[in-house]
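Okay, so here's the structure we're looking at.
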Amino acid sequence: MEAANRGAYDAGGKSVGLSIELPHEQFANPYISPELSFNFKYFFMRKLWFAQLAKALIVFPGGFGTMDELWEMLTLLQTGKLAKQNIILIYGRKYWDEVLNWKAMVRWGTINEEEYKMLQFADTVDEPSTTSARGSRNTTWISTPFLQAY
Numbered sequence: 002m003e004a005a006n007r008g009a010y011d012a013g014g015k016s017v018g019l020s021i022e023l024p025h026e027q028f029a030n031p032y033i034s035p036e037l038s039f040n041f042k043y044f045f046m047r048k049l050w051f052a053q054l055a056k057a058l059i060v061f062p063g064g065f066g067t068m069d070e071l072w073e074m075l076t077l078l079q080t081g082k083l084a085k086q087n088i089i090l091i092y093g094r095k096y097w098d099e100v101l102n103w104k105a106m107v108r109w110g111t112i113n114e115e116e117y118k119m120l121q122f123a124d125t126v127d128e129p130s131t132t133s134a135r136g137s138r139n140t141t142w143i144s145t146p147f148l149q150a151y
């Protein structure tokens with residue numbers, strides 16, 4: 002979240018922060034607009050706000066926190082708990098194909114083809130389609146040299 006907040010801050014814009022109380026993170030990052038900084042005690046409420054307000058989830062290579070956000074959004078979409086059909090973009094195929102074998106999940110029957118189609122994959126910022134697997138969306142993807150590093 003800090004990278005997105007910093008980008009907005011550096012560009013002179015306002016930035017929302019949805020923070021969680023954790024033992025090793027006791028404060029919001031310094032790039033959040035003070036009037037838009039929200040602190041949550043419970044993970045569930047933070048996730049609910051993220052999921053309900055989001056139009057897309059773009060997942061970059063990451064660790065447990067990244068996996069948690071990805072799985073939560075996928076589960077909410079899979080179970081119909083989110084009313085809208087959010088775009089899920091998995092960025093950096095080389096990393097993700099080594100970490101997760103999505104097609105094996107389809108072969109083993111733990112997810113079906115329609116669930117697999119909830120995902121879009123990209124290796125460059127120019128690659129994402131403007132149409133999600135679940136229907137048409139008008140989406141603008143911003144191309145930056147920083148993103149090309151992944």
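Residue 2 is where the sequence shown starts when you use our numbering, and the numbers rise one by one after that.
Where is the CB? At the ideal position from N, CA and C, for every residue including glycine.
It is roughly 20 Å from the alpha-carbon of Val60 to the alpha-carbon of Lys82. Inter-residue distance for Tyr117 and Phe65 is about 21 Å (C-alpha atoms, whole angstroms).
In this chain, the alpha helix (DSSP H) harbouring Gly66 covers Phe65 to Gln79. For Asn30, the three-state secondary structure derived from DSSP is coil. Cβ atoms of Ala57 and Leu90 come within 8 Å of each other, at about 6 Å. The beta carbon of Lys15 lies closer than 7 Å to those of Ala9, Ser34 and Leu37 in the same chain, with the five residues before and after it left out. Counted as a single uninterrupted DSSP element, the alpha helix (DSSP H) harbouring Leu49 occupies residues Phe44 to Leu54. Take the alpha-carbon of Val100 and the one of Arg94: they are about 10 Å apart. A straight-line Cα-Cα distance of about 10 Å links Gln86 and Leu75. For Thr125, the closest alpha carbon among the candidates Phe41, Phe45, Ala5 and Tyr92 is that of Tyr92. Taking a contact as a CB-CB distance under 8 Å, the pair Phe41 and Leu19 counts as one, their CB atoms being some 7 Å apart. Exposed is the label assigned to Asn113, since fewer than 16 other Cβ atoms lie within 10 Å of its Cβ. With a 10 Å radius around the Cβ and a threshold of 16 neighbouring Cβ atoms, Ala105 comes out exposed.
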